Amino acid sequence: MTTDIDSGGTDLGSAGTKTRFRSGAGVYALLALLLVAVAAPLIAMLIRAVTGYNGDPSALGQLLRPENLRIVGNTVLLGVLVVVISTAMAAPLAFLMSWTRLRRHRWIDIAVMVPFLTPPYVAAMAWLDFTRINGLGERWLGASGGALVRSVVESPVGMAAIMSCEIFTFLYLLLRNRLDAVPASLDEMAAVAGASAGQRFRLVLAPLLSPTYALGALIVFIRAAGEFGTPVTLGNRIGFPVLVSEIYGNVTIDPLNFPRAAAFSTVLLTMGMTVWGLQQWMSRREVPFGGRVARRTRVDTGWWTAPGWLWIGLVLLISVLVPYISIILGAMTVLRSKPPSMDNLTFDYFARVLRPGRGLDALQNSITLALIAATVATVLAVACAMVIARRRGAETRARATARRGIDLLGIAPDTVPTIVLVIGFIFLWNAPWLPFTPYNTRAMVVLAYVVITLPVVLQNVKVAYAAVDDKFLEAAATSGATAWQTLWRITIPLLMPGIVAGWLLAFLLGVREVVASSMVRPASLQLLSPWILGQFDQGHRAEAMAMTVIGVLGSTVVLVVLEWWRNRMSEKRSR
Amino acid sequence: MSLSRRAFAAAVLASALVVAGCGSADDSAPAVKPAATWTAPAGLSGDLTLYSANPQELTDDLVAAFTKASGVKVKTFGGETGKITAKLDAEWQNPQADVVYLASWTPVAKYAADGKALVYSPQDADKIQPGWADKGNAFTGRDGSALTIVVNTKAAPGTPKDWSDLTAPEYKGKVIMPDPRESGTAADLVTAMTIAWGKDKTWELFDKLFANGMVVHGANGPALDDVTAGSHAVVLGGVDYSAYAAIDKGEPLQVVSPASGTTITPRPVFIVKDSKNPAAAKALVDFMFSPQGQAISAARKMIPARTDVPAAAGTRSYADVKQLNFTWDQAKASGKDVLAEFTKRYLG
Numbered sequence: 081m082t083t084d085i086d087s088g089g090t091d092l093g094s095a096g097t098k099t100r101f102r103s104g105a106g107v108y109a110l111l112a113l114l115l116v117a118v119a120a121p122l123i124a125m126l127i128r129a130v131t132g133y134n135g136d137p138s139a140l141g142q143l144l145r146p147e148n149l150r151i152v153g154n155t156v157l158l159g160v161l162v163v164v165i166s167t168a169m170a171a172p173l174a175f176l177m178s179w180t181r182l183r184r185h186r187w188i189d190i191a192v193m194v195p196f197l198t199p200p201y202v203a204a205m206a207w208l209d210f211t212r213i214n215g216l217g218e219r220w221l222g223a224s225g226g227a228l229v230r231s232v233v234e235s236p237v238g239m240a241a242i243m244s245c246e247i248f249t250f251l252y253l254l255l256r257n258r259l260d261a262v263p264a265s266l267d268e269m270a271a272v273a274g275a276s277a278g279q280r281f282r283l284v285l286a287p288l289l290s291p292t293y294a295l296g297a298l299i300v301f302i303r304a305a306g307e308f309g310t311p312v313t314l315g316n317r318i319g320f321p322v323l324v325s326e327i328y329g330n331v332t333i334d335p336l337n338f339p340r341a342a343a344f345s346t347v348l349l350t351m352g353m354t355v356w357g358l359q360q361w362m363s364r365r366e367v368p369f370g371g372r373v374a375r376r377t378r379v380d381t382g383w384w385t386a387p388g389w390l391w392i393g394l395v396l397l398i399s400v401l402v403p404y405i406s407i408i409l410g411a412m413t414v415l416r417s418k419p420p421s422m423d424n425l426t427f428d429y430f431a432r433v434l435r436p437g438r439g440l441d442a443l444q445n446s447i448t449l450a451l452i453a454a455t456v457a458t459v460l461a462v463a464c465a466m467v468i469a470r471r472r473g474a475e476t477r478a479r480a481t482a483r484r485g486i487d488l489l490g491i492a493p494d495t496v497p498t499i500v501l502v503i504g505f506i507f508l509w510n511a512p513w514l515p516f517t518p519y520n521t522r523a524m525v526v527l528a529y530v531v532i533t534l535p536v537v538l539q540n541v542k543v544a545y546a547a548v549d550d551k552f553l554e555a556a557a558t559s560g561a562t563a564w565q566t567l568w569r570i571t572i573p574l575l576m577p578g579i580v581a582g583w584l585l586a587f588l589l590g591v592r593e594v595v596a597s598s599m600v601r602p603a604s605l606q607l608l609s610p611w612i613l614g615q616f617d618q619g620h621r622a623e624a625m626a627m628t629v630i631g632v633l634g635s636t637v638v639l640v641v642l643e644w645w646r647n648r649m650s651e652k653r654s655r
Numbered sequence: 144m145s146l147s148r149r150a151f152a153a154a155v156l157a158s159a160l161v162v163a164g165c166g167s168a169d170d171s172a173p174a175v176k177p178a179a180t181w182t183a184p185a186g187l188s189g190d191l192t193l194y195s196a197n198p199q200e201l202t203d204d205l206v207a208a209f210t211k212a213s214g215v216k217v218k219t220f221g222g223e224t225g226k227i228t229a230k231l232d233a234e235w236q237n238p239q240a241d242v243v244y245l246a247s248w249t250p251v252a253k254y255a256a257d258g259k260a261l262v263y264s265p266q267d268a269d270k271i272q273p274g275w276a277d278k279g280n281a282f283t284g285r286d287g288s289a290l291t292i293v294v295n296t297k298a299a300p301g302t303p304k305d306w307s308d309l310t311a312p313e314y315k316g317k318v319i320m321p322d323p324r325e326s327g328t329a330a331d332l333v334t335a336m337t338i339a340w341g342k343d344k345t346w347e348l349f350d351k352l353f354a355n356g357m358v359v360h361g362a363n364g365p366a367l368d369d370v371t372a373g374s375h376a377v378v379l380g381g382v383d384y385s386a387y388a389a390i391d392k393g394e395p396l397q398v399v400s401p402a403s404g405t406t407i408t409p410r411p412v413f414i415v416k417d418s419k420n421p422a423a424a425k426a427l428v429d430f431m432f433s434p435q436g437q438a439i440s441a442a443r444k445m446i447p448a449r450t451d452v453p454a455a456a457g458t459r460s461y462a463d464v465k466q467l468n469f470t471w472d473q474a475k476a477s478g479k480d481v482l483a484e485f486t487k488r489y490l491g
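First to last, the protein sequences are chains A and B. For any residue, its number in this note's numbering is found by taking its place in the first sequence, counting from 1, and adding 80. For any residue, its number in this note's numbering is found by taking its place in the second sequence, counting from 1, and adding 143.
Here is the structure:
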């Protein structure tokens with residue numbers, strides 16, 4: 081999870097001697113792959129937005145109606161609120177965990193991952209359960225305290241806060257990895273030159289961080305605009321419709337209206353592309369850090385340590401503690417009508433959901449498919465990142481366009497809500513004229529996961545790539561390393577922290593993914609999130625919560641093992 | 144090391160004590176083993192895909208019994224009605240399902256009108272509740288659920304007898320209704336009321352209910368959960384079978400069939416016209432309407448479609464539920480407009 085540029089780049093001296101890596105046809109092959117995997121389903125969906133489908137006419141003309149404009153306005157408002165709240169949560173945390181002594185406490189890193197591992201609708205349900213009338217909130221905080229928390233949660237700000245709890249992890253990881261990579265010398269030079277803390281922040285840190293922050297804010301905004309769990313569970317309840325809840329309604333609530341969903345999706349797509357354009361413009365100012373970065377910055381916080389702990393505590397309270405008290409109690413409650421006393425709590429549900437034929441198959445399938453998909457997505461993302469970043473010397477116009485196309489397609493899946501992408505998948509891959517198709521096989525689920533998680537992995541690899549100084553590659557070229565030597569011995573090791581982080585995120589996202597898992601899974605293939613959702617729908621609340629806990633615990637184990645392995649690797653290297 | 148080991152041992156001991164002190168939860172095994180057995184026609188082969196928007200256990204029971212009797216493997220895709228219709232609609236150019244079994248009448252009626260369902264009248268069609276078979280025989284309701292008033296006896300001030308009782312001051316802020324935009328059955332109930340009573344009388348009732356602090360949110364499951372947990376005391380228009388299942392578990396709930404009438408939603412099944420294995424699909428539908436298939440529904444607290452299969456003990460049978468005076472054809476015709484008006488009046 082952590083990016084330690086220093087440990088990544090220690091054995092550079094041993095680069096071989098031959099020619100430089102050149103990717104000619106590779107660029108176009110990659111582009112073609114992405115066009116089929118990403119662009120084609122979106123086009124299949126857009127065609128329906130224009131032509132209509134199944135007897136319903138195109139709905140593009142309705143977009144400018146006042147009630148629809150209000151929905152667009154709500155979406156932007158929600159996105160901005162989530163960006164603001166996520167920043168407030170992530171930025172101080174990233175600073176504390178990168179530059180201060182608090183970074184020794186690695187459990188915090190694990191803890192902030194927990195909300196990210198939780199299926200999004202479960203977190204919203206947990207909060208609603210905590211704040212409901214006669215719920216835990218009222219029991220612990222009194223009637224008026226409970227009512228106060230409820231009024232906050234059941235508002236657009238509360239909705240944004242719940243979504244931030246899940247999304248801020250992206251921003252936190254990006255910012256912390258970037259801060260980790262800032263060489264101590266940069267800050268110290270400024271300090272020696274007599275710059276005040278404020279000046280150091282304004283003149284050194286802010287310019288170094290702003291492209292990364294822009295990238296993170298983009299992910300947060302787009303995820304907030306495209307995530308349906310909280311809007312559907314909480315937003316519909318408080319009458320705060322956003323684009324994605326409307327799209328979800330149009331494709332899941334009778335009467336279905338695909339063209340209307342497709343029309344709203346084009347708005348989201350446009351919104352995503354605009355934000356992407358802004359981010360592109362910002363990231364031109366990305367600053368690579370100089371050659372050997374051996375030492376990380378450390379700031380003495382002095383008496384500011386206490387407020388630091390307070391902030392971490394607050395973030396963990398709202399993102400982990402409260403929802404998980406609700407989830408765990410939910411998983412253990414025998415009778416929903418009785419308060420959680422000893423004789424009304426049981427561990428039975430945990431064992432029950434793990435029986436074969438119950439939830440065990442779902443868990444195993446989700447883990448296997450997510451593992452495969454994360455690996456494929458990572459390989460793809462590394463290829464994309466290398467192609468996108470390489471811009472040296474003269475380049476034909478066609479190749480430059482191909483490169484930009486890859487960049488855009490790599491992030492495009494994040495600019496549309498998954499449900500739209502998935503419906504595009506069905507339109508495309510279930511077309512009767514296809515000679516062969518992965519539709520209705522496990523490969524379809526893997527393909528869907530790969531496309532959905534590609535942007536996240538790509539962001540991580542890109543950030544790692546941005547921190548790689550060209551000097552290394554130039555040095556390799558000068559010493560005459562072959563393309564593969566450069567790739568295996570220099571680029572990949574330097575990118576490793578980003579690759580591992582990206583792979584892990586993709587794996588975890590795959591395990592908890594709900595929309596594609598529900599819609600394109602072949603009949604009879606059980607998957608984790610649809611299983612949990614199905615249990616909720618059928619009134620088996622305890623089973624659903626128990627499986628959530630098991631899923632999150634399992635993911636946490638993967639996280640901890642990987643972190644342990646990574647630490648061991650970096651210890652070995654520094655020896 | 145030894146300290147952490149001791150701490151670990153203490154933790155194990157403590158959790159063992161916690162486990163020992165905890166209660167336990169009954170597993171929901173099927174209550175009734177159906178006596179009747181169905182015989183499959185000879186010569187069936189291949190497999191089938193069933194899209195089913197039903198309680199998972201009911202689907203599992205049905206499929207297991209059918210496969211045992213016929214040797215035909217059934218792949219099931221389960222989910223809410225909305226998810227299944229979305230998948231069906233996206234797949235019409237190349238349908239994957241052979242048999243579809245949904246919890247809502249209107250979408251199936253639309254598919255039948257569009258010619259997407261195979262015309263087939265199941266065996267023993269004469270024993271099925273009147274009005275539950277489509278006139279064109281494109282689909283048939285195979286079991287049903289009544290919309291009732293579900294009361295949490297611990298939280299409610301009394302036992303209401305009819306919808307209008309919930310407008311009384313003692314129910315202020317204690318009533319929840321599933322959102323008709325999300326719950327097809329709740330939308331059907333409102334539509335049926337406007338047909339049976341006229342719009343003026345229906346809106347008068349809902350004006351009073353909303354003035355009395357009734358809230359509308361979520362689909363059927365969340366609304367029942369909310370009342371079971373005691374946040375509200377009464378579900379207006381709750382599906383009966385999930386309430387019966389909760390009562391079996393030991394929750395203090397009571398199912399009231401309203402005196403002035405309600406709806407029993409037949410849950411329709413149809414064969415997709417382009418089914419690649421129509422013989423097996425027809426056999427599955429026949430099985431679903433056989434005494435054995437019907438008894439499986441009854442065991443899961445559904446109202447059977449066959450008049451000669453009894454409802455499960457402790458549940459109300461078809462005859463015990465007073466129904467509103469309407470037909471499903473009428474409901475299909477005006478449903479969309481009624482829902483739009485309801486949404487505009489109360490949820491805008």
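Here a beta-carbon is modelled for each residue, glycine too, at the ideal position from N, C-alpha and C. Please read these numbers as outputs of a predicted model, since none were measured by experiment.
Using 8 Å for Cβ pairs, my map puts residue i next to residue j. What's the rounded Cβ distance?
| i | j | result |
| --- | --- | --- |
| THR334(B) | GLY189(B) | Incorrect: roughly 40 Å between the Cβ atoms, too far for contact. |
| ALA281(B) | ALA255(B) | 4 Å |
| ALA713(A) | LYS218(B) | Outside the displayed span of chain A (81 to 655) sits residue 713(A), for which this structure offers no information. |
Can you tell me whether DSSP reads residue i as helix, strand or coil?
| i | result |
| --- | --- |
| VAL382(B) | strand |
| GLN473(B) | helix |
| ASP369(B) | helix |
| TYR133(A) | strand |
| GLN272(B) | coil |
| ARG372(A) | Residue placement at ARG372(A) is poorly supported in this model, since its pLDDT is 47, which falls under 50; the coordinates still yield a value, given next. Three-state result, ARG372(A): coil. |
| LEU489(A) | helix |
| PHE101(A) | Annotation note: pLDDT 43 at PHE101(A) (below 50); position unreliable, no value reported. |
| GLY590(A) | helix |
| PHE281(A) | helix |
| PRO263(A) | strand |
Do the CB positions of residue i and residue j come within less than 8 Å of each other?
| i | j | result |
| --- | --- | --- |
| LEU567(A) | VAL591(A) | no |
| PHE432(B) | ALA448(B) | yes |
| ALA51(A) | ILE242(A) | What the structure shows of chain A is the stretch from 81 to 655, and residue 51(A) is not part of that stretch, so it cannot be assessed. |
| THR408(B) | TRP248(B) | yes |
| SER418(B) | LEU261(B) | yes |
| VAL543(A) | ASN257(A) | yes |
| LEU143(A) | VAL347(A) | yes |
| THR571(A) | ALA457(A) | no |
| MET625(A) | GLY437(A) | no |
| MET239(A) | THR292(A) | no |
| TRP186(A) | GLU623(A) | It is Arg, not Trp, that sits at residue 186(A) in the sequence shown. Cβ distance not < 8 Å, so ARG186(A) and GLU623(A) don't count as in contact. |
Quick one: list the residues of chain C neighbouring residue i, beta-carbon separation under 7 Å, in chain order.
| i | result |
| --- | --- |
| SER598(A) | Within the model displayed, chain C is absent; protein chains A and B are what it includes. |
Give me whichever residues DSSP pairs with residue i in a beta bridge.
| i | result |
| --- | --- |
| ILE407(B) | ALA289(B) |
| MET193(A) | Answer is none; MET193(A) lacks a bridge partner. |
| ILE414(B) | VAL242(B) |
| ILE447(A) | Beta-bridge pairing links ILE447(A) to no other residue. |
| MET320(B) | VAL359(B) |
What residues in the stretch 296 to 309 of chain B have a beta carbon less than 9 Å from any beta carbon of chain A?
Residues of the stretch 296 to 309 of chain B with a C-beta atom less than 9 Å from some C-beta of chain A are LYS297 and ALA298, listed in chain order.
Contact list for the stretch 229 to 254 of chain B against chain A, Cβ threshold 7 Å:
ALA229, LYS230, ASP232, ALA233, GLU234, TRP235, GLN236, ASN237, GLN239, SER247, THR249 and PRO250
For the stretch 324 to 358 of chain B, list every residue whose C-beta sits within 7 Å of some C-beta in chain A, in sequence order.
ARG324, GLU325 and GLY327
Any C-beta of chain B within less than 8 Å: which residues of the stretch 323 to 343 of chain A qualify?
Identification of residues in the stretch 323 to 343 of chain A having a C-beta nearer than 8 Å to some C-beta of chain B yields GLY329, VAL331, THR332, ILE333, ASP334, PRO335, LEU336 and PHE338, given in sequence order.
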